[in-house]
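If you want my numbering, it's the 1-based position in the sequence shown plus 134.
Backbone N, C-alpha and C define an ideal beta-carbon position, used for all residues, glycine too.
Predicted model only: the values in this text are computed from it and were never measured.
Notes to accompany the following structure.
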Amino acid sequence: MVELTKPVWANRLMRLDPYHLPHSVSLKQDHHFSYKIDRNGAVMKRQLSCGLPVSIALPQRAFRGVAARTIDRGNGETTFTLELHHKDHDLSLPVLVADDLNDIAADWHAWSRLMRLPMLLIDENSMAVPVRRQLGQLMVETPIERRKRLGMTKNRTWFSRRRKMGTIGPVEKISAAEIIARN
């Protein structure tokens with residue numbers, strides 16, 4: 135979990151469509167800030183306070199997830215944001231800033247699947263927490279209960295489980311004398 139602050143770009147409504155990539159975005163903040171985003175990651179260009187232009191390539195694995203944030207504007211209105219969350223909050227990139235909660239739900243899931251990143255939620259303490267527990271690319275959930283028929287038959291193969299057990303009836307002993315043909 136990482137401590138976060140309110141981003142500067144949260145005051146401007148915007149939406150990047152996850153199904154029409156690549157996107158190029160240019161934002162005016164304290165310094166010029168632009169980025170290009172596609173399925174493999176993003177390239178961010180900004181100007182440092184000393185005036186030096188910097189270009190940073192951020193592969194998809196550099197982001198911790200797709201984070202959703204709720205910002206109260208103070209007048210009873212709420213702004214919702216989606217961002218590609220990086221551990222350095224200056225490198226987090228906005229993909230959606232909206233006033234409607236319905237807009238964010240579909241895009242949050244779509245960006246998560248597209249970038250193959252977990253869905254994160256930024257809570258009231260400004261901490262990024264995962265919506266679901268994951269271990270790398272695997273979801274960590276309670277296991278599904280196995281079928282009852284597998285438990286009853288223990289370690290038998292599928293073919294053996296289909297067969298019914300046979301019964302042995304009375305055994306008869308057969309005896310005969312050897313017949314040898316002689317001429």
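Quick one: Cα of residue i to Cα of residue j, how far?
i    : j    : result
H243 : M253 : 7 angstroms
S183 : T212 : 31 angstroms
L227 : F214 : 14 angstroms
G92  : D237 : In the structure as shown, the chain begins at 135 and stops at 317. Residue 92 is therefore absent and cannot be evaluated.
A240 : G300 : 58 angstroms
D151 : R250 : 16 angstroms
P264 : G175 : 20 angstroms
G303 : R296 : 22 angstroms
G185 : S168 : 15 angstroms
Of all the options the options, which has the alpha carbon lying nearest to the alpha carbon of residue i?
i    : options                   : result
R195 : L218, I302, T204 and R149 : L218
V266 : T301, V200, R316 and K221 : A quick correction: the sequence has Arg, not Val, at residue 266. Nearest C-alpha to R266: V200.
E258 : T204, A232 and N174       : T204
Should residue i be labelled buried (16 or more other beta-carbon atoms within 10 Å of its own) or exposed?
i    : result
S309 : exposed
A202 : buried
A311 : exposed
Any beta-carbon of chain C closer than 8 angstroms to the one on residue i?
i    : result
N236 : No chain C is present in this structure, which holds just one protein chain.
What does DSSP give as the partner residue(s) for residue i in the beta ladder?
i    : result
L192 : A176
L254 : A201 and P264
V159 : Y169
T215 : R203 and V231
Could you round the C-beta distance between residue i and residue j to whole angstroms and report it? I think they count as a contact, below 8 angstroms.
i    : j    : result
A232 : L155 : Between L155 and A232 the Cβ distance is about 19 angstroms, and since that is not below 8 angstroms, they are no contact.
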